[in-house]
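Engineer:
In the working numbering, the protein residues as written are 1365 to 1776.
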């Protein structure tokens, strides 16, 4: 037979790595003690609720989700000191012997350790029992039981802490969405052959401090099932600013496939601005279903909305993704744009993307242009539009309006 320390070691290692080990611990301790039933319970409103159970063949007696009044089981009596944690033979203890549950189950032997949270609050019990007396149960077995119960207590504490953290994140993001605690900024998109500002991309900047990137905010929102809510809120805020945009400028908004799959974008985009709207499909996770995505994009396209694939060449938007979406615009990621003037490999890939766009009737928008040499090279290979700090930084609507006025004067 494995020594208790040998049984415990792999479970302890998995617990340290953050694994859910309570069920595994119940199986191990039940087998180690040679008992028929092991369970982990939680105290809820005067009852003990069985959260995890290991009782092969005895599921009719006890299963997860079952509960009993604390007055009817051993738990309260052990917590109060009326019963010991280790009972090799319940018949030898009049108090235990006379409890109705002892004969009802029946319980011949019982080992139970209270689970306490880090602050000392009783949470539940870690328990093993058998219908048979087991006179060989001893203090060493109780010590082993305490170690397993300690692992369970640590996991409960960690789970509760994570839950509290999740609740805090959910509350903070719910408030942020409700109060629109963010700003929309606009980055110019330039028609490269003429140098004229042809459109802009709407980007979100969150106000709470300390500063965190938009990606971090959206990732947090997704982790508490508010990702789509945040996306749609930002899109709604952005589209409400359409009347203030310079006339004829296109407006690019970012939307994940999941946001598109809600089917709600068509309701948000005003009909009078549909032809000037570009929906950039961001892909930071696999598309669940391309046929479903096409179904949701179809009414947008019928309304005149154009579709763009974002981050093409970044690893997110693979060739298959581009082929499946058949976009109107392909946004070349800055990882290809950067050093395109000096790196033959990047230049070759950028040229191939431009060729693909020409063959499929799409346009290429080069992102992240930062130098005049990059701009000249992208013009040379035939990129249609460009975006980047060289051409205009993201800024408030007033900055975009001023840039368009200055741009028209220069082009004229």
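Glycine included, each C-beta is placed from N, C-alpha and C at the ideal position.
Below 7 angstroms CB to CB, which residues in the same chain sit around residue 1657 once its five sequence neighbours on both sides are set aside?
Structural biologist: Residue numbering aside, residue 1657 sits at position 293 when the chain shown is read from its first letter. Cβ neighbours of residue 1657 beyond the five flanking positions: 1621, 1624, 1625, 1651.
Engineer: Residue 1551 by DSSP, collapsed to three states: which one?
Structural biologist: For this step, residue 1551 is matched to residue 187 along the chain shown. Strand at residue 1551.
Engineer: Is the Cβ-Cβ distance between residue 1673 and residue 1642 less than 7 angstroms?
Structural biologist: Counted from its first residue, the chain shown places residue 1673 at position 309. Counted from its first residue, the chain shown places residue 1642 at position 278. Not a contact, by the Cβ cut-off of 7 angstroms.
Engineer: Quick check on residue 1565: does DSSP put it in helix, strand or coil?
Structural biologist: In the chain shown, the residue the question calls residue 1565 occupies position 201. Strand, per DSSP.
Engineer: Could you give the uninterrupted runs of the beta strand (DSSP E) lying entirely in the segment 1483-1520, keeping only those of 3 residues or more?
Structural biologist: Those beta strand (DSSP E) runs which fall completely within the segment 1483-1520 and span 3+ residues are 1486-1494.
Engineer: Looking only at its own chain, which residues have a Cβ that is under 8 angstroms from the Cβ of residue 1469, when we skip the five neighbours before and after it?
Structural biologist: Counted from its first residue, the chain shown places residue 1469 at position 105. Here the set comprises 1425, 1493, 1495.
Engineer: Just reading off the beta strand (DSSP E) that residue 1696 is part of, what are its end residues?
Structural biologist: Stepping through the chain shown from its first residue, residue 1696 is reached at position 332. Its beta strand (DSSP E) spans residues 1693-1696.
Engineer: Below 6 angstroms CB to CB, which residues in the same chain sit around residue 1748 once its five sequence neighbours on both sides are set aside?
Structural biologist: As a first step, residue 1748 must be located in the chain shown, where it is residue number 384. Closer than 6 angstroms at the Cβ level, and outside the excluded window around residue 1748, lie 1727, 1728.
Engineer: Using a threshold of 7 angstroms, state whether the C-beta atoms of residue 1414 and residue 1428 are closer than that.
Structural biologist: As a working mapping, residue 1414 is identified with position 50 in the chain shown. As a working mapping, residue 1428 is identified with position 64 in the chain shown. Taking 7 angstroms as the Cβ cut-off, residue 1414 and residue 1428 qualify as a contacting pair.
Engineer: List, from N- to C-terminal side, the alpha helix (DSSP H) runs of 4 residues or more that fit wholly inside the segment 1400-1452.
Structural biologist: The qualifying runs are 1439-1443.
Engineer: Tell whether a beta-carbon distance below 7 angstroms holds between residue 1698 and residue 1676.
Structural biologist: Counted from its first residue, the chain shown places residue 1698 at position 334. Counted from its first residue, the chain shown places residue 1676 at position 312. Result no, Cβ atoms of residue 1698 and residue 1676 do not sit closer than 7 angstroms.
Engineer: According to DSSP, residue 1546 sits in a beta bridge with which residue or residues?
Structural biologist: Within the chain shown, the letter at position 182 stands for residue 1546. 1570.
Engineer: From residue 1460 to residue 1454, what distance separates their C-alpha atoms?
Structural biologist: Numbered from its first residue, the chain shown carries residue 1460 at position 96. Numbered from its first residue, the chain shown carries residue 1454 at position 90. Between residue 1460 and residue 1454, the C-alpha separation is close to 6 angstroms.
Engineer: With a CB to CB cut of under 6 angstroms and the five nearest residues on each side skipped, what residues in its chain are close to residue 1537?
Structural biologist: Translated into the one-based positions of the chain shown, residue 1537 becomes position 173. Closer than 6 angstroms at the Cβ level, and outside the excluded window around residue 1537, lie 1585, 1590.
Engineer: Could you spell out where the alpha helix (DSSP H) holding residue 1593 opens and where it closes?
Structural biologist: Taking the chain shown and counting its residues from 1, one reaches residue 1593 at position 229. From DSSP, the alpha helix (DSSP H) with residue 1593 extends over 1591-1603.
Engineer: Answer yes or no: do residue 1547 and residue 1576 have a C-beta to C-beta separation smaller than 7 angstroms?
Structural biologist: For the purposes of this step, residue 1547 is taken as the residue at position 183 of the chain shown. For the purposes of this step, residue 1576 is taken as the residue at position 212 of the chain shown. Not in contact: residue 1547 and residue 1576 (Cβ atoms no closer than 7 angstroms).
Engineer: Quick check on DSSP: helix, strand or coil for residue 1780?
Structural biologist: Since the first and last residues shown for the chain are 1365 and 1776, residue 1780 lies out of range.
Engineer: Is the Cβ-Cβ distance between residue 1582 and residue 1606 less than 7 angstroms?
Structural biologist: In the chain shown, the residue the question calls residue 1582 occupies position 218. In the chain shown, the residue the question calls residue 1606 occupies position 242. In this structure, residue 1606 does not lie closer than 7 angstroms to residue 1582 by Cβ.
Engineer: Give the C-beta separation of residue 1671 and residue 1689 to the nearest angstrom, bearing in mind that I take them to be a contact with Cβ-Cβ under 8 angstroms.
Structural biologist: In the chain shown, the residue the question calls residue 1671 occupies position 307. In the chain shown, the residue the question calls residue 1689 occupies position 325. That belief holds up - the Cβ atoms of residue 1671 and residue 1689 are roughly 6 angstroms apart, short of 8 angstroms.
Engineer: Identify whether residue 1702 lies in helix, strand or coil by the three-state DSSP scheme.
Structural biologist: For this step, residue 1702 is matched to residue 338 along the chain shown. Coil.
Engineer: If you draw a straight line from the C-alpha of residue 1550 to the C-alpha of residue 1758, how long is it?
Structural biologist: For the purposes of this step, residue 1550 is identified with residue 186 of the chain shown, where counting begins at 1. For the purposes of this step, residue 1758 is identified with residue 394 of the chain shown, where counting begins at 1. Their Cα atoms are separated by approximately 5 angstroms.
Engineer: Could you please give me the residues that DSSP links to residue 1476 through a beta bridge?
Structural biologist: Residue mapping note: residue 1476 aligns to position 112 of the chain shown, counting from 1. Looking at the DSSP assignment, residue 1476 forms a beta bridge with 1491.
Engineer: Thinking C-alpha only, which one of 1390, 1480, 1488 is nearest residue 1434?
Structural biologist: In the chain shown, the residue the question calls residue 1434 occupies position 70. The option with the nearest alpha carbon to residue 1434 is 1488.
Engineer: Looking only at its chain, what residues have a beta carbon closer than 6 angstroms to the beta carbon of residue 1660, apart from the 5 residues adjacent to it on each side?
Structural biologist: As a first step, residue 1660 is located in the chain shown; it is residue number 296 there, counting from the start. Excluding residues within five positions, the ones whose Cβ falls inside 6 angstroms are 1624, 1625, 1627.
Engineer: For residue 1510 versus residue 1477, is the C-beta spacing smaller than 7 angstroms?
Structural biologist: Taking the chain shown and counting its residues from 1, the one referred to as residue 1510 is at position 146. Taking the chain shown and counting its residues from 1, the one referred to as residue 1477 is at position 113. Contact flag set, yes.
Engineer: According to the Cβ coordinates, are residue 1597 and residue 1541 closer than 7 angstroms?
Structural biologist: By one-based count along the chain shown, residue 1597 stands at place 233. By one-based count along the chain shown, residue 1541 stands at place 177. Yes, they are a contact pair.
Engineer: For the candidate residues 1420, 1456, 1403, 1629, whose alpha-carbon lies nearest to that of residue 1430?
Structural biologist: Residue 1430 sits at position 66 when you count from the first residue of the chain shown. Closest option to residue 1430, Cα to Cα, is 1403.
Engineer: Do you know how far the Cα of residue 1756 is from the Cα of residue 1776?
Structural biologist: Along the chain shown, one-based indexing puts residue 1776 at 412. Along the chain shown, one-based indexing puts residue 1756 at 392. Residue confidence is low: residue 1776 scores 45 on pLDDT, short of 50, so the model does not pin down where it sits. Its coordinate-derived value is still stated next. Roughly 19 angstroms separates the two Cα atoms.
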